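In our numbering, the protein residues as written are 44 to 707.
Quick reminder that beta carbons are idealized off the backbone N, C-alpha and C, glycines included.
Bear in mind the structure is a predicted one, so any value in this text is a computation, not a measurement.
All remarks here apply to the structure that follows.
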Amino acid sequence: MTEHRVKVAVPAPFFHALDYLPGDLELVPGMRVQVPLGRRQVVGVVTAVERTIDDEIRCRPITAVLDNGAPLPADLLSLCNWAADYYCHPLGEVLAAALPAGLRKLPGKAIRRRKSPKALRSPSSAGEALQRAPTPEQAVVLDALAGQPPGFGVDLIEGVTGSGKTEIYLHRVQAAIEAQGQALVLTPEIGLTPQLVERFRQRFGDGVAVFHSGMTERARTDTWQACSEGRCPVVIGTRSAVFLPLPRLALIVIDEEHDASFKQQDGFRYSARDIAIVRAQRAAVPVILGSATPSLESLHNVARGRYRHHRLNARAGAARMPQPRLLDLRNTKLRDGLSAELIDTASRHLAAGGQVLFFVNRRGYAPALLCHECGWLAPCPHCDARLTLHRARGRLICHHCGSDSRVPLRCGQCSSTDLIPVGQGTERVEDALRALYPDLRVERIDSDRARLAGELDRLLADIHSRDIRILVGTQMLAKGHDFEGLTLVGVIDADQALYSSDFRAVERMGQLLTQVTGRAGRGATSGEVVVQTHQPDHPQLQRWLRDGYAGLSRELLEERRLMGFPPFSHLALLRADALDADAAQDFLQKVAALIPGDRSIDKLGPVPAPMERRANRVRAQLLLRSQNRMGLQRLLAELVPQLGSLPGARRVRWSVDVDPIDLY
DNA sequence: AGCACGCCGACT
DNA sequence: GTCGGCGTGCTC
């Protein structure tokens, strides 16, 4: 007997959609439905409607259809399906990540009514007045972009900080809008870089929607709805915006494409940049990638002829990119991490009226507290890590698990009271600079400081008004901010990355150093950048100094090729952790045993994670590497759905990370 | 994931 | 004698 069956993806870790009976409901793929699952009711998405004679599995009826309006568009459903396969993640959970919370929950008593669409300020009237004439260099890039054949293609714009990448985006977005299309602009963090949204608002007025995790659930759902109805010509969003429904999608811009925050680091571990490129390919629309420091992946795609490449070298106005110099710390006297020469340089800039930024990539006062008598280092009770001293708060805090305790008066081992902070964080450098320059306003900007709403905005305003003369900040400050009066950037310690075992550490160091270098000399005065180091002869640091990020990245690509690491191979990282000592590694050992001894896939591990114990869980990992992406994906597609039923799987937490960026 | 069932320790 | 710990099994 022939019957209709409906495949429904539910928010649970199943690798296949479940079957339900439609009854007399009219269903099409993409509709949200309420279905019974065990003894609860959940929201699922219809993925297919089939005629079937397979009666073997039990089948319950669909409770209700939840969409009064349009179903999830077919292109998005299909994109989510692709992503679920590529990242080996259950489709129902992928859809849950793609839909705003308001569409994932069962409706309450009140039926949500759609707001009537706002009248949009006409883009052209708002825009024309503020249109800047492109520089000759920008004009070359714009001509090249305008001359591309229609359809999919990726253009990477490698432009130094301040060279006007945003202006290029604005022109291409304008062209997309004029052709009645919608443009999607992805950015790493909206809260930290309000300038990008500002520039778009100046040009396109209320046509610009934003979408990010800081918005209320309600606002996100409304924006989702507006996008799906084609009411947003431009939407600027973070990672999850890659899943917004855009019926007239005409262009995708990915700003700061190298930025790690495009990769989700838990649950469904997707790369918004990579999904965006797949989406553009499927929708046959162009992609613009922009960065001062492109990822090695994108540069490799340029080298292979997959992406087109454009450069913007000139900075706007009179500003020149500073030539950084290294400051050899060996055998110099340091005061809270600051050398006398750096202090002299800073004093000179301050006396001349400039602003100075000290870049310290660590929060807190000091990354460790040491007993001077016996060598004890205050450890985190839950992790294989040292506690960070937050002196102003009088706390020792673990930056890995959040463990928080009072600063002890005595050594935990020998009871000595001679405890000294070692190393320096932002708070310590801030204190030192306050003592050195009591008459100047010194402020620290890091995530501890900017946690309060509006605090970051206030600080940024006081920087622009030159009220703040000296800034101490983490990489939070390295991104996107324009500080006209900033003439000196001092990097306190460039060496951390040079000691790291992570294969991407030097790439990230180069990106960070280049980004902070771009902070100096944005105004008329040429800037100065000083990098303190104990490794002044390190070849990669030297390479960066001589040939900039472009030279360093060429060298790093060559190194990756020789080592067989991405982008010259593909990685998937299986992680596991557990409360008992060996459970995670034993589990991954069983996983490894399931993988055929195929020459095309390297099994690296299982091994203990670089930080073996974290938040009281013992962690292990198994890295898979292959030259052949399809081969790796086929293996994972076969392997991953079995892992949950492996003996011991319930005793461990495990995850799969396709294209991992951090190997810890 | 969420929720049941089920079989062993300390309490009104 | 019960309340409740989390091990394991299942959800169309």
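query: Quick test of your reading: Ala-563 and Thr-517, contact by CB under 8 Å. State the CB separation rounded to the nearest angstrom.; result: Not confirmed; about 17 Å, so no contact.
query: Whole angstroms is fine: what's the gap from Val-296's alpha carbon to Gln-578's?; result: 38 Å
query: Report the rounded CA-to-CA distance for Pro-288 versus Pro-104, giving the unit in angstroms.; result: 29 Å
query: Per DSSP, Glu-201 forms a beta bridge with which residues?; result: Ser-334 and Arg-354
query: For the beta strand (DSSP E) that Asp-700 lies in, which residues bound it at each end?; result: 696-701
query: With DSSP run on the structure shown, which of helix, strand or coil describes Tyr-63?; result: strand
query: From this set, Ala-692, Leu-679, Pro-690 and Gly-691, which residue's C-alpha is nearest Asp-702's C-alpha?; result: Leu-679
query: Would you call the CB atoms of Leu-138 and Tyr-350 closer than 8 Å?; result: no
query: From Glu-550 to Ser-596, what does the alpha carbon distance come to, in whole angstroms?; result: 7 Å
query: Below 8 Å between beta carbons: does that hold for Val-683 and Cys-131?; result: yes
query: Just how far apart, CA to CA, sit Gln-268 and Leu-149?; result: 17 Å
query: For the beta strand (DSSP E) containing Ser-448, list its first residue and its last residue.; result: 447-449
query: Could you give the distance in angstroms between the alpha-carbon of Gly-533 and the alpha-carbon of Val-253?; result: 34 Å
query: Less than 6 Å between C-beta atoms, sequence neighbours within five positions excluded: which residues of the same chain meet that for Gln-670?; result: Ser-612
query: Going by other Cβ atoms of all chains shown within 10 Å of its Cβ, with 16 needed for buried, is Pro-193 buried or exposed?; result: exposed
query: Could you give the distance in angstroms between the alpha-carbon of Thr-758 and the alpha-carbon of Ala-52?; result: Any question about residue 758 goes unanswered here, given that the chain covers just 44 to 707.
query: Rounded to whole angstroms, what's the CA-CA distance from Glu-340 to Pro-649? Just pull it up for me.; result: 26 Å
query: My output table needs one value for Ser-688: the three-state DSSP class, helix, strand or coil.; result: coil
query: Between the beta-carbon of Ala-335 and the beta-carbon of Thr-230, is there less than 8 Å?; result: no
query: Ala-663 by DSSP, collapsed to three states: which one?; result: strand
query: Can you check the segment 248-281 for any alpha helix (DSSP H) of at least 4 residues that lies completely inside it and give the ranges in chain order?; result: 260-271
query: Using beta-carbon positions only, say whether Leu-70 and Val-89 come within less than 8 Å of one another.; result: yes
query: Inspect the CB distances between the segment 459-476 and the segment 500-511 and report whether three or more fall short of 8 Å.; result: no
query: What residue from His-581, Val-76 and Leu-514 has the CA that sits closest to Ala-113's CA?; result: Val-76
query: Under 6 Å Cβ to Cβ from His-352, same chain only, skipping five residues before and after it: list those, please.; result: Leu-199 and Val-345
query: Relative to the ligand MG, is the shortest distance from any of its heavy atoms to the C-beta of Leu-479 smaller than 7 Å?; result: With respect to the ligand MG, the structure shown offers nothing to examine, as it has no ligands at all.
query: Our contact map puts Ala-411 next to Val-465 with C-beta atoms below 8 Å; I'd like the distance itself, whole angstroms only.; result: 5 Å
query: Would the segment 437-452 count as touching the segment 478-485 if we require 3 or more Cβ pairs under 8 Å?; result: no
query: What is the rounded straight-line gap between the Cα of Tyr-480 and the Cα of Leu-381?; result: 14 Å
query: Return the residue from the list Asp-427, Pro-422 and Arg-449 that minimises the CA-CA distance to Ala-435.; result: Arg-449
query: Put Arg-48 into one of helix, strand or coil per three-state DSSP.; result: strand
query: Shortest alpha-carbon distance to Gly-396 belongs to which of Arg-501, Gln-324 and Gly-528?; result: Gly-528
query: Spatial neighbours of Ala-548 within its chain, please: CB distance less than 7 Å, with the 5 preceding and 5 following residues excluded, ordered by chain position.; result: Ala-540
query: If we count the other Cβ atoms within 10 Å of its Cβ and call it buried at 16 or more, is Pro-710 buried or exposed?; result: The displayed coordinates of the chain run from 44 to 707. Any statement about residue 710 would go beyond what the structure contains.
query: Since I believe Ala-226 is in contact with Ala-220 (beta carbons under 8 Å), could you give me their beta-carbon distance rounded to a whole number of angstroms?; result: Residue identity differs from the one stated: residue 220 is Ile in this sequence, not Ala. Right, their Cβ atoms sit about 7 Å apart.
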